[in-house]
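J.: Mind looking over this structure? Questions follow.
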Amino acid sequence: MQAEPKKSLVGEEYEVEVGPVAHGGHCIARTEAGQVLFVRHALPGERIVARVTEGEEGARFLRADAVRVLEASKDRIDAPCPYAGPGRCGGCDWQHAKPGAQRRLKGEVIAEQLRRLAGLTPEEAGWDGTVVPAEGDKLPAGEVPKWRTRVQYAVDPSGRAGLRRHRSHEVEPIDHCMIAAEGVSELGIEKRDWTGMDSVEAFAATGSQDRQVILTPKPGARLPLVELDRPVSVLRVDERTGGVHRVHGRPFVRERADGRTYRVGGGFWQVHPKAADTLVTAVMQGLLPRKGETALDLYCGVGLFAGALADRLGEKGAVLGIESGKRAVEDARHNLAEFDRVRIEHGKVESVLPRTGITEVDLIVLDPPRAGAGRRTVAHLSSLGARRIAYVACDPAALARDLAYFREEGYRVRTLRAFDLFPMTHHVECVAILEPAAKGS
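In our numbering, the protein residues as written are 246 to 686.
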């Protein structure tokens with residue numbers, strides 16, 4: 246006999262008291278029946294009315310929005326962005342929280358992930374519990390830092406650019422994104438008709454005046470004539486292969502970090518203007534490179550950390566970078582061509598590293614994707630005997646899981662630092678410095 250489908254609870258409302266923050270930009274609450282709610286647009290300690298956005302009877306948890314605030318937190322402010330709020334743009338998670346409160350919430354998430362997934366207290370991780378704002382971003386409540394140098398706009402059926410709603414393919418048309426860097430805003434993407442396009446990505450380099458627009462057309466659509474408010478290079482994504490092709494202008498932008506210029510044609514580059522320098526400084530202060538040492542830069546992108554290491558290791562030092570993105574590898578090789586003892590290999594870290602024959606190394610930097618490095622890669626890295634390892638992480642859960650694996654392999658966390666390089670969102674960047682456990686005992 247076929248079971249009856251469970252009743253959807255979407256649209257149901259519950260009056261609840263909001264509990265602690267959870268990883269992902271929401272807080273935890275419970276219905277009177279004990280069902281868990283992951284609630285957006287709420288803050289810990291508030292009493293709210295939560296409206297269910299996803300879930301059904303008997304589900305382990307429901308997703309919901311705070312649609313009415315009955316008792317507000319002292320950290321609550323009116324969201325400065327007119328497109329923030331229940332059912333609206335999903336780009337920002339904490340527009341309704343004071344800047345200092347946002348950083349405290351991120352710190353609580355990091356601490357909870359360390360405890361739950363790595364079995365570490367902040368003290369055991371060498372972390373003071375603070376999330377450091379990017380220099381110059383200490384803004385008063387109600388002001389929004391214009392930090393996002395790369396914005397991907399979705400296009401609605403009418404050809405208007407906007408941003409995706411939370412956990413949805415629906416487009417929220419906007420006139421202006423408040424967290425977009427000035428170099429992105431001045432392109433005027435929101436003012437144009439993008440009929441036939443699936444998405445439009447705008448990139449404003451902070452190390453130069455380079456501006457770039459990447460168009461992803463719908464199948465069979467013709468590219469529009471792009472006449473923006475300032476000079477810009479235009480690229481398009483091939484609908485069949487996913488490859489990126491130049492339409493006009495340079496196929497790359499130029500960025501500056503650590504006193505060097507980097508060509509960025511398709512690889513990853515941090516979107517906050519101060520992120521690259523902030524992270525290089527944190528990594529180099531943690532590693533303390535010495536002349537003549539050998540180093541690995543894993544998931545190396547266009548060579549940011551490899552370049553910083555090469556500068557500090559000198560002519561007798563050596564750096565191997567590994568990156569899976571073909572265009573990023575091309576850029577990294579171009580960016581680091583002056584260094585005879587820097588080599589960049591193309592492929593996945595877990596596949597390429599074993600083939601190199603490397604059995605020992607002095608220093609390791611890894612900046613893995615959001616999923617983390619994983620147990621197998623961590624075990625391999627730990628076998629190389631590095632005196633210090635710098636782990637750059639954009640996801641505290643993945644970081645905590647990998648730190649647990651490193652501990653199993655004989656490494657301890659020496660220090661951990663956290664940086665608020667994504668204001669108004671739940672994202673946070675961490676730099677953990679590890680060393681062999683025997684040295685810390």
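From the three backbone atoms N, C-alpha and C, an ideal C-beta is built for every residue, glycine too.
Can you tell me which of the three DSSP states THR217 falls into?
T.: Missing from the structure shown is residue 217; the chain here goes from 246 to 686 and no further.
J.: At which residues does the beta strand (DSSP E) containing TYR398 begin and terminate?
T.: The count along the sequence shown starts at 1 and reaches residue 398 at position 153. First-last of the beta strand (DSSP E) with TYR398: 395 to 400.
J.: Reducing DSSP to helix, strand and coil, say where GLU680 ends up.
T.: Within the sequence shown, residue 680 is the residue found at index 435, counting from 1. Strand at GLU680.
J.: Can you confirm whether the segment 372 to 379 touches the segment 660 to 670 when touching is taken to mean that 3 or more C-beta pairs between the two stretches lie within less than 8 Å?
T.: Yes, the segment 660 to 670 touches the segment 372 to 379.
J.: Check whether the segment 296 to 315 touches the segment 356 to 372, taking contact to mean three or more Cβ pairs, one atom from each stretch, closer than 8 Å.
T.: Flag = no, the segment 296 to 315 and the segment 356 to 372 do not touch.
J.: Suppose you measure from the CA of VAL416 to the CA of SER430; what does that come to, to the nearest Å?
T.: Numbered from 1 along the sequence shown, position 171 holds the residue referred to as residue 416. Numbered from 1 along the sequence shown, position 185 holds the residue referred to as residue 430. Cα-Cα distance, rounded: 19 Å.
J.: Mind checking which residues open and close the beta strand (DSSP E) that includes TYR544?
T.: Indexing the sequence shown from 1 puts residue 544 at position 299. Segment: none, TYR544 is in no beta strand (DSSP E) and carries neither H nor E.
J.: Does the Cβ of LYS210 have 16 or more other Cβ atoms within 10 Å, making it buried, or fewer, making it exposed?
T.: An answer regarding residue 210 cannot be provided, because it is not within the stretch 246 to 686 covered by the chain.
J.: Can you say whether GLY510 is buried or exposed, counting buried as having 16 or more other CB atoms within 10 angstroms of its CB?
T.: Within the sequence shown, numbered from 1, the residue matching residue 510 stands at position 265. Label assigned to GLY510: buried.
J.: For THR523, count neighbouring Cβ atoms within 10 angstroms of its own Cβ and tell me buried if that reaches 16, exposed if not.
T.: Counting from one through the sequence shown, the residue named residue 523 turns up at place 278. By the 10 Å Cβ count, THR523 comes out buried.
J.: Report the rounded CA-to-CA distance for PRO390 versus ALA677, giving the unit in angstroms.
T.: Residue 390 sits at position 145 when you count from the first residue of the sequence shown. Residue 677 sits at position 432 when you count from the first residue of the sequence shown. Distance between the alpha carbons of PRO390 and ALA677: 26 Å.
J.: Across the segment 445 to 460 and the segment 497 to 504, are there enough close Cβ pairs to call them in contact, namely three or more that are closer than 8 Å?
T.: At 8 Å Cβ cutoff, the stretches touch.
J.: Would you check if the distance between the CB atom of TYR656 and the CB atom of ALA682 is smaller than 8 Å?
T.: Taking the sequence shown and counting its residues from 1, the one referred to as residue 656 is at position 411. Taking the sequence shown and counting its residues from 1, the one referred to as residue 682 is at position 437. Yes; because the gap between Cβ atoms is below 8 Å, this pair is in contact.
J.: When the Cα atoms are used, what is the spatial distance from GLU262 to ILE459?
T.: Counted from its first residue, the sequence shown places residue 262 at position 17. Counted from its first residue, the sequence shown places residue 459 at position 214. Each residue's alpha carbon lies about 44 Å from the other.
J.: Looking only at its own chain, which residues have a Cβ that is under 6 Å from the Cβ of ARG620, when we skip the five neighbours before and after it?
T.: Within the sequence shown, numbered from 1, the residue matching residue 620 stands at position 375. TYR650, listed in sequence order.
J.: Alpha carbon to alpha carbon, what distance is there between GLN347 and SER686?
T.: Sequence index remark: in the sequence shown, residue 686 carries index 441 (1-based). Sequence index remark: in the sequence shown, residue 347 carries index 102 (1-based). Model confidence at SER686 stands at a pLDDT of 45, short of 50, so the residue's coordinates are unreliable and nothing is read from them.
J.: What did DSSP end up calling ARG313 once you bin it into helix, strand or coil?
T.: If you number the sequence shown from 1, residue 313 lands on position 68. Residue state, collapsed to three classes: strand.
J.: Using only CA atoms, which one of TRP439, PRO476 and GLY487 lies nearest to ARG467?
T.: Against the sequence shown, residue 467 aligns to sequence position 222. Measuring from the Cα of ARG467, the nearest candidate turns out to be TRP439.
J.: Taking the alpha-carbon positions, what's the LYS519 to LYS251 distance?
T.: The sequence position of residue 519 within the sequence shown is 274, counting from 1. The sequence position of residue 251 within the sequence shown is 6, counting from 1. Going by the C-alpha atoms only, they are around 49 Å apart.
J.: What residue does the alpha helix (DSSP H) around HIS671 start on, and which one ends it?
T.: By 1-based counting over the sequence shown, the position of residue 671 is 426. Element bounds for HIS671: n/a, residue is neither H nor E.
J.: Any idea which residues DSSP pairs ILE589 with across the strands?
T.: Residue 589 sits at position 344 when you count from the first residue of the sequence shown. Per DSSP, GLY566.
J.: In its own chain, which residues sit with a C-beta less than 6 Å from the C-beta of LEU629, not counting the 5 before and 5 after it?
T.: As a first step, residue 629 must be located in the sequence shown, where it is residue number 384. Excluding residues within five positions, the ones whose Cβ falls inside 6 Å are GLU605 and VAL606.
J.: Would you be able to state if there are at least three C-beta pairs under 8 Å between the segment 562 to 570 and the segment 532 to 545?
T.: Contact between the segment 532 to 545 and the segment 562 to 570 is present, because at least three Cβ pairs lie under 8 Å.
J.: Quick one: grab the DSSP three-state call for SER686.
T.: Counted from its first residue, the sequence shown places residue 686 at position 441. Caution is warranted here: a pLDDT of 45 is assigned to SER686, below 50, making its placement in the model unreliable, and the coordinate value is therefore given only provisionally. The answer is coil: DSSP assigns SER686 none of H, G, I, E or B.
J.: For LEU608, which option in PRO614, LEU626 and THR622 has the closest C-alpha, if you only look at C-alpha atoms?
T.: Reading the sequence shown from its first residue, position 363 is the one you call residue 608. Per the Cα distances, LEU626.
J.: Using C-beta distances below 6 Å, list every residue in its chain close to GLY290, excluding the 5 sequence neighbours before and after it, in chain order.
T.: Translated into the one-based positions of the sequence shown, residue 290 becomes position 45. Cβ within range, chain order: SER318.
J.: Give the DSSP bridge partners of VAL377, in chain order.
T.: Position 132 of the sequence shown, counted from the first residue, corresponds to residue 377. VAL377 pairs with PHE664.
J.: Of the choices ARG572, ALA527 and GLY570, whose alpha-carbon is the least far from that of PRO553?
T.: Within the sequence shown, numbered from 1, the residue matching residue 553 stands at position 308. Pro is not the amino acid found at residue 553; the sequence shown has Ala there. For ALA553, the nearest C-alpha among the options comes from ALA527.
J.: Considering only C-alpha positions, which residue in the set GLY548, THR461 and LEU470 is nearest to GLN515?
T.: Looking up residue 515 in the sequence shown gives position 270. Ranking GLY548, THR461 and LEU470 by Cα distance to GLN515 puts GLY548 first.
J.: Suppose the cutoff is 6 Å on Cβ atoms and the five residues either side in sequence are ignored; what does the same chain contact list for LYS351 look like?
T.: One-based indexing of the sequence shown puts residue 351 at position 106. Hits under 6 Å: VAL376 and VAL673.
J.: Among residues of its own chain, excluding the 5 on either side of ALA645, which ones have a beta-carbon nearer than 7 Å to its beta-carbon?
T.: To locate residue 645, count along the sequence shown from 1; it is residue 400. Hits under 7 Å: GLN358, LEU359, LEU362 and ALA363.
J.: Judging by CA-CA distance, which residue of GLN280, GLU258 and SER596 is the nearest neighbour of VAL312?
T.: One-based indexing of the sequence shown puts residue 312 at position 67. Nearest of GLN280, GLU258 and SER596 to VAL312, Cα basis: GLU258.
J.: For VAL347, which of helix, strand or coil comes out of DSSP?
T.: Residue numbering aside, residue 347 sits at position 102 when the sequence shown is read from its first letter. According to the sequence as given, residue 347 is Gln; it is not Val. If DSSP states are grouped into helix, strand and coil, GLN347 belongs with the helices.
J.: Give the secondary structure of GLY407 by DSSP, where H, G and I count as helix, E and B as strand, and everything else as coil.
T.: As a position in the sequence shown, residue 407 is number 162, starting the count at 1. The answer is strand: DSSP assigns GLY407 an E or B state.
J.: If you drop the 5 nearest sequence neighbours on each side, which residues of the same chain put their C-beta closer than 8 Å to that of ASP483?
T.: Taking the first residue of the sequence shown as position 1, residue 483 is located at position 238. Within the same chain, ASP483 has close Cβ partners VAL489 and HIS490.
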